[in-house]
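**Q**
Numbering (my numbering), first residue to last: 78 to 582.
(1) Would you mind sorting residue 94 into buried or exposed? The rule is 16 or more other CB atoms within 10 Å of its CB.
(2) When the distance is taken between beta carbons, is residue 280 closer than 8 angstroms to residue 90?
(3) What are the start and end residues of each continuous beta strand (DSSP E) run of 3 or more residues lying completely inside the segment 321-384, in chain order?
(4) With three or more C-beta pairs closer than 8 angstroms as the rule, is the segment 459-475 touching the segment 548-560?
(5) Out of 295, 129 and 148, state which residue places its alpha-carbon closest to the alpha-carbon of residue 163.
(6) Quick one: which unbroken beta strand (DSSP E) runs of 3-plus residues sit fully inside the segment 249-285? Chain order, please.
(7) Can you grab the Cα-Cα spacing for the pair residue 501 / residue 534, in whole Å?
(8) Among the residues of its own chain, which have a CB less than 7 angstroms from the CB of residue 337, if the five just before and after it don't count?
(9) Which term fits residue 341, buried or exposed, when burial requires 16 or more other beta carbons within 10 angstroms of its beta carbon?
(10) For residue 107, which residues in the same chain have their Cβ closer than 6 angstroms to its Cβ, ignoring the five residues on either side in sequence?
(11) Tell me the residue span of the beta strand (DSSP E) that contains residue 154.
(12) Which full runs of the beta strand (DSSP E) of 3+ residues lie inside the segment 152-186, going along the chain?
(13) Is the number of C-beta pairs between the segment 291-304 and the segment 316-325 that are closer than 8 angstroms three or more?
(14) Going along the chain, which residues of its own chain have a beta-carbon closer than 6 angstroms to the beta-carbon of residue 400, five neighbours each way excluded?
(15) Just how far apart, CA to CA, sit residue 390 and residue 330?
(16) With 16 other CB atoms within 10 Å as the buried threshold, where does residue 133 fall?
(17) Please name the residue in 433, 141 and 257 whose C-alpha comes closest to that of residue 167.
(18) So residue 199 and residue 233 are supposed to be a Cβ contact under 8 angstroms. How far apart are they, rounded?
(19) With a CB to CB cut of under 7 angstroms and the five nearest residues on each side skipped, what residues in its chain are close to residue 420?
(20) Per the DSSP calculation, residue 226 is bridged to which residue(s)?
(21) Taking its Cβ as the centre, do 16 or more other Cβ atoms sit within 10 Å of residue 579, making it buried, or is it exposed?
Right, here's the structure in full:
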């Protein structure tokens, strides 16, 4: 699915109007889709409060409110600016809402704790500072901590840049119209949009096909097929032979987690090559893992292996640091580079990566690779630098975080991975992702396919862990135990859900 800027969305809508599409028809369809989605995601809610500005975003809210009234819901509206200053369509829909029994008040007041707010104040055209007449009211609404469902985008959030303000709404869910906006995934956006739900408002497909994307949203329907075909009489080497160069006496666990991630993701055999003195600290290693210590005075033999991962838990000042550049030049199999290996490479001026290579940095590691300052929040400028690095070095880059971005060496527009949980923000979960990637590469997936599928599997495992332990109580090992559940049933509910009208109205 394309991710576009708010400006681009406005451009293709204007094209449709020039070609004869009707704005009022779009608004009617949008309101119907919004009401349908609201009932689906808040089935027990009975009381709704529309928060309306003076643009067409408020018009959408009034239409949604009218359909909610028809379903027997209690709906009232707060009109934050005089209705006489609102857009003609907004005024028209406000009158229709009132005609169907909805109450409209211009008094900025608050309601009991059983209401759900529907945010129709600004929409995607907002940028800059929130006007004072709205700011204090929005601040109080946020303070109430009642559910807020945002129409298209949380008010106060810039749809192009993701920049928010102190008063921007913290939405429980964002019901976006047409295509997701770039601001959802940049800067403050990810923290403020809540869950995402697509609402179709009738824009013909030929206009969305013309839209210039900035990113792509990774969707379950576009994932490569799992598992790849394999003969019934395969042996362990055909299932995938992974070599891991990982671990040190001070960080043995990272190597074990990465190795287990590969084993649990279908690799037939995993051989861990680790720094001398490390194995005695790996008491928790599985019996199935082949381990050997290495002085790294010479290069390990990899002629039978299908893939390689390197970096989790290695000592950046250890014996591998000086050997790593020559090791990379000698590698001829698909490779995943993570953690300590990335930090070693960031100090080098010229790196020769293997032909099929995936890098898995978090934002600090990526900043070091780019030799640039570490941004506090992800913005378009930083993503553009990541894309340039990926294409210049002909590597696939997975920028880990919330959300995660995948940069292909042949595509300037990154894939955004939204199926994630904050429970993955724990030490060791990135090592598991490295193992999953290595296993998929060993099974014959390309670097782009492996990156998309591994991030999806990893993210879904994190969601299952959250369901069991909550966001703050899980550890990396919990994610490992969920991998068989995901791989056995990869057809899971996607992060973004689309409205279905016929069953509700």
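No residue lacks a Cβ here, since even glycine has one placed at the ideal position from N, Cα and C.
**A** If we stick to the structure as given:
(1) Within the chain shown, the letter at position 17 stands for residue 94. When all chains shown are included, residue 94 counts as exposed.
(2) Against the chain shown, residue 90 aligns to sequence position 13. Against the chain shown, residue 280 aligns to sequence position 203. Result yes, Cβ atoms of residue 90 and residue 280 sit closer than 8 angstroms.
(3) Scanning the segment 321-384 from its first residue to its last, the whole beta strand (DSSP E) runs of 3-plus residues come out as 346-352 and 367-371.
(4) They do not touch, by the three-pair rule.
(5) Reading the chain shown from its first residue, position 86 is the one you call residue 163. Comparing Cα-Cα distances from residue 163 to each of 295, 129 and 148, the minimum goes to 129.
(6) 250-254 and 272-276
(7) Your numbering for residue 501 matches position 424 in the chain shown. Your numbering for residue 534 matches position 457 in the chain shown. Whole-angstrom Cα-Cα distance: 12 angstroms.
(8) Taking the first residue of the chain shown as 1, we reach residue 337 at position 260. Answer for residue 337: 363, 512 and 557, listed in chain order.
(9) Taking the first residue of the chain shown as position 1, residue 341 is located at position 264. The residue is buried, with at least 16 neighbouring Cβ atoms inside 10 Å.
(10) Position 30 of the chain shown, counted from the start, is the residue given in the question as residue 107. If we look at residue 107 and ignore the five residues flanking it on each side, its Cβ neighbours are 137, 254 and 278.
(11) Here residue 154 refers to the residue found at position 77 of the chain shown. Where residue 154 is concerned, the enclosing beta strand (DSSP E) stretches over 151-156.
(12) 180-182
(13) The segment 291-304 vs the segment 316-325: no contact.
(14) One-based indexing of the chain shown puts residue 400 at position 323. Around residue 400: 373.
(15) Sequence index remark: in the chain shown, residue 390 carries index 313 (1-based). Sequence index remark: in the chain shown, residue 330 carries index 253 (1-based). Each residue's Cα considered, the two are about 7 angstroms apart.
(16) Here residue 133 is taken as the residue at index 56 of the chain shown, counted from 1. Buried is the call here.
(17) For the purposes of this step, residue 167 is identified with residue 90 of the chain shown, where counting begins at 1. Answer by Cα proximity: 141.
(18) Position 122 of the chain shown, counted from the start, is the residue given in the question as residue 199. Position 156 of the chain shown, counted from the start, is the residue given in the question as residue 233. Confirmed, about 7 angstroms.
(19) Here residue 420 refers to the residue found at position 343 of the chain shown. If we look at residue 420 and ignore the five residues flanking it on each side, its Cβ neighbours are 393, 442 and 445.
(20) As a working note, residue 226 is residue 149 in the chain shown. For residue 226, which the question treats as bridged, DSSP gives the partners 195 and 250.
(21) Numbered from its first residue, the chain shown carries residue 579 at position 502. Confidence is the limiting factor: at residue 579 the pLDDT is only 47, short of 50, which leaves the residue's position unreliable, though a coordinate-based value still follows. The residue in question, residue 579, is exposed, as its Cβ has fewer than 16 Cβ neighbours within 10 Å.
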